[in-house]
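Visitor: Have a look at the structure that comes next, please.
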Amino acid sequence: MPSELVNIRRKTVGVADIPRVLVAPRRVFERVEDVPAYAWPMVLLLVAVTLVGYATVETGLIDREVERQVQRSIAALDVENSDVVERSALSKAIEDKRKEGEFFRLMTHVQVVVARPAATLATILLLSAVLYGLVALTGKKPEWHTLLTVCTFASFVDLLRLLMQLGLMLRFKTLEVDTSLAPLVQLIHVDSGISQQAAAAISGALTAADPFRIWFWLIVIVGLSTTAQLRGWKVGVTAFLFWLIAGGVRTALAVATVASMSRA
Numbered sequence: 169m170p171s172e173l174v175n176i177r178r179k180t181v182g183v184a185d186i187p188r189v190l191v192a193p194r195r196v197f198e199r200v201e202d203v204p205a206y207a208w209p210m211v212l213l214l215v216a217v218t219l220v221g222y223a224t225v226e227t228g229l230i231d232r233e234v235e236r237q238v239q240r241s242i243a244a245l246d247v248e249n250s251d252v253v254e255r256s257a258l259s260k261a262i263e264d265k266r267k268e269g270e271f272f273r274l275m276t277h278v279q280v281v282v283a284r285p286a287a288t289l290a291t292i293l294l295l296s297a298v299l300y301g302l303v304a305l306t307g308k309k310p311e312w313h314t315l316l317t318v319c320t321f322a323s324f325v326d327l328l329r330l331l332m333q334l335g336l337m338l339r340f341k342t343l344e345v346d347t348s349l350a351p352l353v354q355l356i357h358v359d360s361g362i363s364q365q366a367a368a369a370i371s372g373a374l375t376a377a378d379p380f381r382i383w384f385w386l387i388v389i390v391g392l393s394t395t396a397q398l399r400g401w402k403v404g405v406t407a408f409l410f411w412l413i414a415g416g417v418r419t420a421l422a423v424a425t426v427a428s429m430s431r432a
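As numbered in my numbering, the sequence shown has no gaps in its residue numbers, which increase by one up to the final residue, 432.
The following block contains the structure:
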């Protein structure tokens, strides 16, 4: 019995394997067993994502960006209502803009500190659940703990992406940073004169061309193959389809956002 426990401890992955999984995932996943070895790595991941969000708030970039947008809106109101004699309506409109800015500031803080870790957890659980169903459809026995371990460790790539974005924010003093090819659309949009919705669709599609997202799926592929949950062409096709679906969702959200703003 003691020898079996020692063997389990040797095979089980943990927090110490997080740096290793980023560069040598196969060596890490070779030691994965169908046990909840993902618990502490998942806790560390969620805490780290929360701290990155808190650091983003503490930089003051969100507050400055919101204040800049509020001042721009107020300036536009002044221009549009420059011939209005009654200033009470204009003062009320300006006050409404300031309240909107405060609400948007609060929601952005909540998004980066609370919603982002929640989205990370939801993504891990949802992806693991879908993979569980796909493995079952192939006739193999799906291992829930194994799939959660693979998805949790792969998600540390997304943490690196958030850290990279935070560094770029601090370097360029702006929230408008991206590690994908999406920013190229701004150049195309200016020169070609395409519609805002078309530009948003192209931008959303180009978010898939992100080295960190590609890195994430490569680790998932290695994890599924090494743990024998999915093998051969099935694992590659599955990851590719998930990558396309995720890009399609981001594209749809980008187009919907632009459409709602244009209606407003």
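A virtual CB, placed ideally from N, CA and C, is assigned to each residue, including glycine.
As the structure is a computational prediction, the values presented were derived from the model and not from experiment.
Using a Cβ-Cβ cutoff of less than 6 Å, which residues in the same chain neighbour residue 316 once the five nearest sequence positions on both sides are dropped?
Guide: Closer than 6 Å at the Cβ level, and outside the excluded window around residue 316, lie 206, 296.
Visitor: Given this structure, state the Cα-to-Cα distance separating residue 328 from residue 380, to the nearest angstrom.
Guide: Near 8 Å, if we compare the C-alpha coordinates of residue 380 and residue 328.
Visitor: Comparing C-alpha positions only, which one of 305, 407, 420 sits nearest to residue 388?
Guide: Residue 388 has its Cα closest to that of 407, out of 305, 407, 420.
Visitor: Determine the direct distance from the alpha carbon of residue 326 to that of residue 305, and round the result to whole angstroms.
Guide: Going from the Cα of residue 305 to the Cα of residue 326 covers about 29 Å.
Visitor: Check for me: the alpha helix (DSSP H) holding residue 244 runs from which residue to which?
Guide: Residue 244 -> alpha helix (DSSP H) spans 229 to 248.
Visitor: Got a sec? Which residues, its chain only, sit under 8 Å from residue 277 by beta carbon, not counting five neighbours each side?
Guide: Contacts found: 225, 230.
Visitor: Confirm, please, whether the CB-CB distance from residue 324 to residue 186 is below 7 Å.
Guide: Cβ distance < 7 Å, so residue 186 and residue 324 count as in contact.
Visitor: Alpha carbons only, please: which of 330, 202, 243 is nearest the one belonging to residue 218?
Guide: Looking at the Cα atoms, 330 is the closest of the given residues.
Visitor: Residue ranges of each alpha helix (DSSP H) run of no fewer than 4 residues wholly in the stretch 347 to 413, ordered along the chain?
Guide: Here the runs fully enclosed are 352 to 360, 364 to 374, 379 to 394.
Visitor: So, helix, strand or coil for residue 440, using DSSP?
Guide: Residue 440 is absent from the model: the chain starts at 169 and stops at 432.
Visitor: Does residue 365 have its Cβ less than 7 Å from a Cβ in chain D?
Guide: The structure shown has no chain D; it contains just one protein chain.
Visitor: On the criterion of 16 or more Cβ atoms from any shown chain inside 10 Å, does residue 259 qualify as buried, or is it exposed?
Guide: Exposed, because fewer than 16 other Cβ atoms sit within 10 Å of the Cβ of residue 259.
Visitor: Pull up the distance between the alpha-carbon of residue 265 and that of residue 397, whole angstroms please.
Guide: Those two C-alpha atoms are separated by around 53 Å.
Visitor: For residue 427 and residue 368, what's the separation of their Cα atoms in angstroms?
Guide: Between residue 427 and residue 368, the C-alpha separation is close to 10 Å.
Visitor: In whole angstroms, what separates the C-alpha of residue 416 from that of residue 291?
Guide: Using only the alpha carbons, I get a separation of about 16 Å.
Visitor: So residue 287 and residue 384 are supposed to be a Cβ contact under 8 Å. How far apart are they, rounded?
Guide: That belief does not hold up - the Cβ atoms of residue 287 and residue 384 are roughly 14 Å apart, past 8 Å.
Visitor: Quick one: residues in its chain with C-beta nearer than 8 Å to the C-beta of residue 213, no 5 flanking neighbours on either side, listed in chain order?
Guide: Within the same chain, residue 213 has close Cβ partners 288, 320, 323, 324, 327.
Visitor: Just checking my contact of residue 333 with residue 345 at CB under 8 Å: how many whole Å lie between their CB atoms?
Guide: About 5 Å; that satisfies the 8 Å criterion.
Visitor: Is the Cβ-Cβ distance between residue 395 and residue 272 less than 7 Å?
Guide: The answer is no: Cβ separation not under 7 Å.
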